[in-house]
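Peer 1:
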């Protein structure tokens, strides 16, 4: 047994330890503590995803036909040479008649008289297209011309460029008469069918 003085010192030490623990919020038999993080100062932000602007490509222009001298002519007692320019005649249909069967054939350009329903793509026969035979011109790609006209000797045969362009001349004769619409017509050659390559440009003969 400890002497009374020693017991007093021990009791005082225990009492002091308990008081210190109480002041710190702890206990004499708890050796662990937990801390809760303070998140009140944490800032969050939301960043909207960026989307690149779409890239657009202009659609290629379709085929078109221009009559350089216009479409109104005065009778002169004979034919007048007219320049016909075409652009955009690409993605050619293929012919179904020899010698260009299965090859891109290009287009005919003719002067004559035409029924209201004249287009080959509508299944209309040749009777609806009454053109002057001597005016028939043909714009065709080089690969087909090499088969039909390898020496470039045929008259009224013209080159259709890889870009689908051509320029040629045909005679327009206001002294001739016919039934239907007097016009210059452009349409696929050698039996090919391609509706967007069919054009009818009416011609007016003035007094």
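In the numbering used here, the protein residues as written are 565 to 771.
Ideal Cβ placement from N, Cα and C applies to all residues, glycine included.
Small disclaimer: the values here were computed from a predicted structure and weren't measured.
Is the region 624-635 in contact with the region 647-654, if contact means three or more CB pairs nearer than 8 angstroms?
Peer 2: The region 624-635 vs the region 647-654: in contact.
Peer 1: Quick one: Cα of residue 754 to Cα of residue 733, how far?
Peer 2: Sequence index remark: in the chain shown, residue 754 carries index 190 (1-based). Sequence index remark: in the chain shown, residue 733 carries index 169 (1-based). C-alpha separation (whole angstroms): 20 angstroms.
Peer 1: So residue 710 is in the beta strand (DSSP E); what residue range does that whole segment cover?
Peer 2: As a first step, residue 710 must be located in the chain shown, where it is residue number 146. Here residue 710 belongs to no beta strand (DSSP E); instead the alpha helix (DSSP H) covers 706-712.
Peer 1: Report the CB separation of residue 764 from residue 711 in whole angstroms; it is logged as a contact under 8 angstroms.
Peer 2: Counted from its first residue, the chain shown places residue 764 at position 200. Counted from its first residue, the chain shown places residue 711 at position 147. Contact flag wrong, Cβ pair sits at about 29 angstroms.
Peer 1: Could you give the C-beta distance for residue 766 and residue 747, rounded to a whole number, given that I count them as a contact under 8 angstroms?
Peer 2: Numbered from its first residue, the chain shown carries residue 766 at position 202. Numbered from its first residue, the chain shown carries residue 747 at position 183. Right, their Cβ atoms sit about 5 angstroms apart.
Peer 1: Hey, which unbroken runs of the beta strand (DSSP E) at 3 residues or more fall wholly within the region 641-669?
Peer 2: For the region 641-669, whole beta strand (DSSP E) runs of length 3 or above, ordered along the chain, are 644-651.
Peer 1: My output table needs one value for residue 627: the three-state DSSP class, helix, strand or coil.
Peer 2: Position 63 of the chain shown, counted from the start, is the residue given in the question as residue 627. Residue 627: coil per DSSP, three-state reduction.
Peer 1: Alpha carbon to alpha carbon, how far is residue 692 from residue 738? Give it in angstroms, no decimals.
Peer 2: In the chain shown, counting from the first residue as 1, residue 738 sits at position 174. In the chain shown, counting from the first residue as 1, residue 692 sits at position 128. Taking the straight line joining both Cα atoms gives about 20 angstroms.
Peer 1: Please determine, among 768, 743 and 659, the residue with the shortest C-alpha to C-alpha distance to residue 672.
Peer 2: Taking the chain shown and counting its residues from 1, the one referred to as residue 672 is at position 108. For residue 672, the nearest C-alpha among the options comes from 659.
Peer 1: Quick one: what's got a C-beta closer than 6 angstroms to residue 674's C-beta in the same chain, skipping five residues either side?
Peer 2: Within the chain shown, the letter at position 110 stands for residue 674. Answer for residue 674: 695, 699, 700 and 749, listed in chain order.
Peer 1: Would you mind listing the beta strand (DSSP E) stretches within the region 682-747 that are 3+ residues and don't spill past its ends, in chain order?
Peer 2: Counting whole runs of 3 or more residues, the region 682-747 contains the beta strand (DSSP E) stretches 693-695, 701-704, 721-723 and 730-736.
Peer 1: How far does the beta strand (DSSP E) with residue 766 in it reach, from first residue to last?
Peer 2: For the purposes of this step, residue 766 is taken as the residue at position 202 of the chain shown. 763-766 is the extent of the beta strand (DSSP E) around residue 766.
Peer 1: Beta-carbon separation of residue 809 and residue 770 under 8 angstroms?
Peer 2: Here the chain comprises residues numbered 565 to 771, so residue 809 is not present and cannot be evaluated.
Peer 1: Roughly how many whole angstroms lie between the Cα atoms of residue 656 and residue 757?
Peer 2: Translated into the one-based positions of the chain shown, residue 656 becomes position 92. Translated into the one-based positions of the chain shown, residue 757 becomes position 193. Their Cα atoms are separated by approximately 9 angstroms.
Peer 1: CB residue 670 to CB residue 718, shorter than 8 angstroms?
Peer 2: By 1-based counting over the chain shown, the position of residue 670 is 106. By 1-based counting over the chain shown, the position of residue 718 is 154. Contact: no.
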